[in-house]
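There are 2 protein chains.
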Amino acid sequence: LLLIYKDVKNLKIVAKYFKKSIMDSMNAEIISIGTELLLGHIVNTNTAFLSQKLAESGIDVYHTSVVGDNPQRLTAAVKQALARADIVITTGGLGPTVDDITIETIAELIGKTPIRWIKNHVGTVPGLVIDWKEKMIICLPGPPRELEPMFENAIIQCISRARLNVPYAGDGRGSWIIKSRTIKITGLAESVVNRAVKDLLELKPPTTVGIYAKLGQVELKIMSKAKNEKLALAAIGKIEKKIRAKLNNFIFGCDNETLEGAVGKILTTKRQTIAVAESCTGGLLSSRITDVSGSSKYFIMGLVAYSNPVKIAGSGVDIKIIMKYGAVSQQVARQMAKGIRTLVGADIGLAITGIAGPTGGTKRKPVGLVYIALDKKGRTPLVKEFRFKGSREEIKFQASQAALDLIRKNI
Amino acid sequence: LLLIYKDVKNLKIVAKYFKKSIMDSMNAEIISIGTELLLGHIVNTNTAFLSQKLAESGIDVYHTSVVGDNPQRLTAAVKQALARADIVITTGGLGPTVDDITIETIAELIGKTPIRWIKNHVGTVPGLVIDWKEKMIICLPGPPRELEPMFENAIIQCISRARLNVPYAGDGRGSWIIKSRTIKITGLAESVVNRAVKDLLELKPPTTVGIYAKLGQVELKIMSKAKNEKLALAAIGKIEKKIRAKLNNFIFGCDNETLEGAVGKILTTKRQTIAVAESCTGGLLSSRITDVSGSSKYFIMGLVAYSNPVKIAGSGVDIKIIMKYGAVSQQVARQMAKGIRTLVGADIGLAITGIAGPTGGTKRKPVGLVYIALDKKGRTPLVKEFRFKGSREEIKFQASQAALDLIRKNI
Numbered sequence: 001l002l003l004i005y006k007d008v009k010n011l012k013i014v015a016k017y018f019k020k021s022i023m024d025s026m027n028a029e030i031i032s033i034g035t036e037l038l039l040g041h042i043v044n045t046n047t048a049f050l051s052q053k054l055a056e057s058g059i060d061v062y063h064t065s066v067v068g069d070n071p072q073r074l075t076a077a078v079k080q081a082l083a084r085a086d087i088v089i090t091t092g093g094l095g096p097t098v099d100d101i102t103i104e105t106i107a108e109l110i111g112k113t114p115i116r117w118i119k120n121h122v123g124t125v126p127g128l129v130i131d132w133k134e135k136m137i138i139c140l141p142g143p144p145r146e147l148e149p150m151f152e153n154a155i156i157q158c159i160s161r162a163r164l165n166v167p168y169a170g171d172g173r174g175s176w177i178i179k180s181r182t183i184k185i186t187g188l189a190e191s192v193v194n195r196a197v198k199d200l201l202e203l204k205p206p207t208t209v210g211i212y213a214k215l216g217q218v219e220l221k222i223m224s225k226a227k228n229e230k231l232a233l234a235a236i237g238k239i240e241k242k243i244r245a246k247l248n249n250f251i252f253g254c255d256n257e258t259l260e261g262a263v264g265k266i267l268t269t270k271r272q273t274i275a276v277a278e279s280c281t282g283g284l285l286s287s288r289i290t291d292v293s294g295s296s297k298y299f300i301m302g303l304v305a306y307s308n309p310v311k312i313a314g315s316g317v318d319i320k321i322i323m324k325y326g327a328v329s330q331q332v333a334r335q336m337a338k339g340i341r342t343l344v345g346a347d348i349g350l351a352i353t354g355i356a357g358p359t360g361g362t363k364r365k366p367v368g369l370v371y372i373a374l375d376k377k378g379r380t381p382l383v384k385e386f387r388f389k390g391s392r393e394e395i396k397f398q399a400s401q402a403a404l405d406l407i408r409k410n411i
Numbered sequence: 001l002l003l004i005y006k007d008v009k010n011l012k013i014v015a016k017y018f019k020k021s022i023m024d025s026m027n028a029e030i031i032s033i034g035t036e037l038l039l040g041h042i043v044n045t046n047t048a049f050l051s052q053k054l055a056e057s058g059i060d061v062y063h064t065s066v067v068g069d070n071p072q073r074l075t076a077a078v079k080q081a082l083a084r085a086d087i088v089i090t091t092g093g094l095g096p097t098v099d100d101i102t103i104e105t106i107a108e109l110i111g112k113t114p115i116r117w118i119k120n121h122v123g124t125v126p127g128l129v130i131d132w133k134e135k136m137i138i139c140l141p142g143p144p145r146e147l148e149p150m151f152e153n154a155i156i157q158c159i160s161r162a163r164l165n166v167p168y169a170g171d172g173r174g175s176w177i178i179k180s181r182t183i184k185i186t187g188l189a190e191s192v193v194n195r196a197v198k199d200l201l202e203l204k205p206p207t208t209v210g211i212y213a214k215l216g217q218v219e220l221k222i223m224s225k226a227k228n229e230k231l232a233l234a235a236i237g238k239i240e241k242k243i244r245a246k247l248n249n250f251i252f253g254c255d256n257e258t259l260e261g262a263v264g265k266i267l268t269t270k271r272q273t274i275a276v277a278e279s280c281t282g283g284l285l286s287s288r289i290t291d292v293s294g295s296s297k298y299f300i301m302g303l304v305a306y307s308n309p310v311k312i313a314g315s316g317v318d319i320k321i322i323m324k325y326g327a328v329s330q331q332v333a334r335q336m337a338k339g340i341r342t343l344v345g346a347d348i349g350l351a352i353t354g355i356a357g358p359t360g361g362t363k364r365k366p367v368g369l370v371y372i373a374l375d376k377k378g379r380t381p382l383v384k385e386f387r388f389k390g391s392r393e394e395i396k397f398q399a400s401q402a403a404l405d406l407i408r409k410n411i
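Same order as they appear, the protein sequences are chains C and R. Every letter in the first sequence is one number past the one before it in the working numbering, and letter 359, counting from 1, is 359. Every letter in the second sequence is one number past the one before it in the working numbering, and letter 285, counting from 1, is 285.
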């Protein structure tokens, strides 16, 4: 690694970087308009949304950019985009105030070309679609809650129709689609997942696998580019099978599925109920469980036992056990789990006790030390020790994640 | 509004859009590198972070862009940026794999120019700073947790030093700084805040006010560009005073302050303790209260009373009251608040009952109907009715926000 850096001055760009994408298709460029983006007041989520949707439709994106509310710079950006992309999409600047320059700027550029107005069902400002010299210019409103439905309900169809008019064999362009599936993993470090699927991460297009580490969770995203949906999904299925062969026990769901949703499904199917006693997570675990619609069927009660008297009175912890082992201990976690389960007659009792920090840690019991216990009728109670790292909120989240995973694996 | 759209074909760009910024300064351009950004796999938070930090240092940003892991396109983007900006910052593509093309591409561009390596205290890949033909090229690693400390600890100083070398009077450039303050408001709709401070929102530079609506909260961001920090802060202070004169009761904090933090401060100062019984928020209120370090001093207990038996047994609600008025009612909210307060002997009892949806609503009691009650020793209990809109999670958040604000205003 260090050699690479020291030799940098003599390095030449290697020819292999220039090899063209193996499959050409239509390409789009996204221009976001708004000084508030250039000031960093808001994060540009529109570009990520559009890029993902375009990729899924087989449209390549090679450039995206942001310009302020300045007509000269916007004109230059749109001209440059039109010179290198088939579709130019702008976001923002469509409102009625003087700062909203998109329409005037585009009008100046295209002259008397007809415009298709696209209805906005959420806000007041319509979008527009312009067919201009074999290119397509699309202007969308800035607010994500207006842009997203407009793109999905109307624009994607305009683009699909345009693609049908693109000559196929002649210039090597074809009609391709991209499909993706995200496999969600918890309970393993990124490095461990990386090692387990190393060969898959090195796959080259048309089917690739990417790894993304998030707090308390690792995601593997399989993407496949193919002639049609069926072929793409078949290729994805094959890779998913290989991933599951190695990591199945740690996979809790795909795409939009959540860990709390997965836990909810199992509890519903097995007709089990749960009660929760939390100390350091302070209600976060209960909140995540109840984020799932229909959770009232299996979630009986949550107790946030922040102080020792509440641990004793609320979840039946023996005061002598607290005195002997401390509130953050295996013993207290186990008693809390059993106490909360029997208090309300639930099938499963779950308890968390730990130190979320940033204060309150000691050498023997540092910040991030968390005990999670699961008590089930007629079974030996389970207790696990964790040592999380991060901020107070990050430790809370990781503890709630580990608790949900413990439930998932033990019902 | 409609007239504007109908006449769009004949509209010309109005000269006023072209008027130059009243104060010129150094400007930077940001180029983010990574195919994963163009595929929409990750949201570009680096650009927002850098834009904000640059704005605060008085460096203008007129363009930002994203290119994939492709040396030709990166070379073109860097060349274009060097032609129009004083400072070009790239993010990403610095690692050791074949996809990491930044160093090779930049090396090709600059030839044998010396490079300053910037240490990365979090990851393994160093950043780099290059002085090139009176311009500055800065290459930063892609992961935000590496980029952000590197920028704040080292890069910002490199830039500041460079600014000292910029000729002042000659080309009209000067040394300016930008300061900002965000005033956070809850309990008022955006339109109401808009009307209250309409004149301030129309202010022109050097001091401006922007309005940003978030879930359950409205923010007013005051920005001021001035010769030095003292002048900028004085200008901000003047505007803040005007905002407070109109909205003081609804302002809970500034900048990084949170509503739960504000509540914690007041409870600590007034030496009051609190206990909470939640139904539809499912633990979210307790979790937000305990997000504050030191909350164990004032937060005694949280009860997630998701089912009627728990409401009855746990927070002492009269079964007859539930039968008569229903679990989602003023009466039940009031009994829950009093019950939880007296159960643990807290100074304040807070209760929430409502329908988070998406199912469970009726014509008389629709999704989003929430009652929040506050019970304080020796005072008539307060109950408020709310009708929130949005998804299950959005309704939960808005209810927790309203509850925290009710506490803030009544202790």
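Yeah, the Cβ is synthetic: ideal placement off N, Cα and C, and Gly gets one too.
Would residue i count as contacting chain C if we go by Cβ distances under 8 Å?
{"i": "R:Glu240", "result": "no"}
{"i": "R:Ala48", "result": "yes"}
{"i": "R:Lys365", "result": "no"}
{"i": "R:Ile395", "result": "no"}
{"i": "R:Lys12", "result": "In this prediction, R:Lys12 scores a pLDDT of 35, lower than 50, which makes its location untrustworthy; no coordinate-derived value is stated."}
{"i": "R:Pro358", "result": "yes"}
{"i": "R:Gly261", "result": "no"}
{"i": "R:Val310", "result": "yes"}
{"i": "R:Thr258", "result": "no"}
{"i": "R:Gly34", "result": "no"}
{"i": "R:Thr290", "result": "yes"}
Which one of the options has the shortest CA to CA distance from residue i?
{"i": "C:Ile130", "options": "C:Pro149, C:Ile159, C:Val292 and C:Gly142", "result": "C:Ile159"}
{"i": "R:Leu112", "options": "R:Asp99, R:Lys133, R:Gly95 and R:Gly93", "result": "In the sequence as presented, Leu is not what sits at residue 112 of chain R; that position holds Lys. Nearest C-alpha to R:Lys112: R:Lys133."}
{"i": "C:Val310", "options": "R:Pro96, R:Ile137, R:Ala275 and R:Lys338", "result": "R:Ala275"}
{"i": "R:Ile300", "options": "C:Asp291, C:Gly314 and C:His121", "result": "C:Gly314"}
{"i": "C:Ala262", "options": "C:Ile243, C:Gly294, C:Lys214 and C:Lys396", "result": "C:Gly294"}
{"i": "C:Val367", "options": "C:Arg379, C:Glu394, C:Asp100 and C:Leu382", "result": "C:Glu394"}
{"i": "C:Leu259", "options": "C:Ser296, C:Leu215 and C:Lys238", "result": "C:Leu215"}
{"i": "R:Val193", "options": "R:Glu202, R:Val218 and R:Arg181", "result": "R:Val218"}
Does the Cβ-Cβ distance between residue i and residue j come in under 8 Å?
{"i": "C:Ile303", "j": "C:Ala277", "result": "Checking the displayed sequence, the identity of residue 303 of chain C turns out to be Leu instead of Ile. Yes, they are a contact pair."}
{"i": "C:Ala226", "j": "C:Ala235", "result": "yes"}
{"i": "C:Ser286", "j": "R:Gly360", "result": "no"}
{"i": "C:Cys280", "j": "C:Ile372", "result": "no"}
{"i": "C:Ile177", "j": "C:Glu229", "result": "yes"}
{"i": "C:Asp347", "j": "C:Gln272", "result": "yes"}
{"i": "R:Ile407", "j": "R:Leu343", "result": "no"}
{"i": "C:Ile355", "j": "C:Phe250", "result": "no"}
{"i": "R:Ile266", "j": "R:Ile115", "result": "no"}
For a test of the three-state rule: what should DSSP assign to residue i, helix, strand or coil?
{"i": "R:Glu36", "result": "helix"}
{"i": "R:Gln331", "result": "helix"}
{"i": "C:Lys376", "result": "strand"}
{"i": "R:Thr124", "result": "coil"}
{"i": "R:Asp405", "result": "helix"}
{"i": "C:Tyr168", "result": "Residue placement at C:Tyr168 is poorly supported in this model, since its pLDDT is 34, which falls under 50; the coordinates still yield a value, given next. It is coil, neither helix nor strand."}
{"i": "R:Leu369", "result": "strand"}
{"i": "C:Glu219", "result": "strand"}
{"i": "R:Asp131", "result": "strand"}
{"i": "R:Arg271", "result": "coil"}
Should residue i be listed as close to the ligand SAM, given that the test is whether its C-beta is under 7 Å from any heavy atom?
{"i": "R:Leu382", "result": "As far as ligands go, the structure on display features none, and thus does not contain the ligand SAM."}
Taking 8 Å as the CB-CB cut-off, is residue i touching chain R?
{"i": "C:Thr45", "result": "yes"}
{"i": "C:Gln52", "result": "yes"}
{"i": "C:Phe299", "result": "yes"}
{"i": "C:Ala305", "result": "yes"}
{"i": "C:Ala277", "result": "no"}
TODO: Check whether the stretch 86-101 of chain C touches the stretch 138-152 of chain C, taking contact to mean three or more Cβ pairs, one atom from each stretch, closer than 8 Å.
DONE: yes
Task: contact_flag[the stretch 55-70 of chain C, the stretch 49-66 of chain R] where n(CB pairs < 8 Å) is 3 or more - done: Segments in contact, yes.
TODO: Decide if the stretch 41-55 of chain C is in contact with the stretch 24-40 of chain R; the criterion is three or more beta carbon pairs, one per stretch, under 8 Å apart.
DONE: yes
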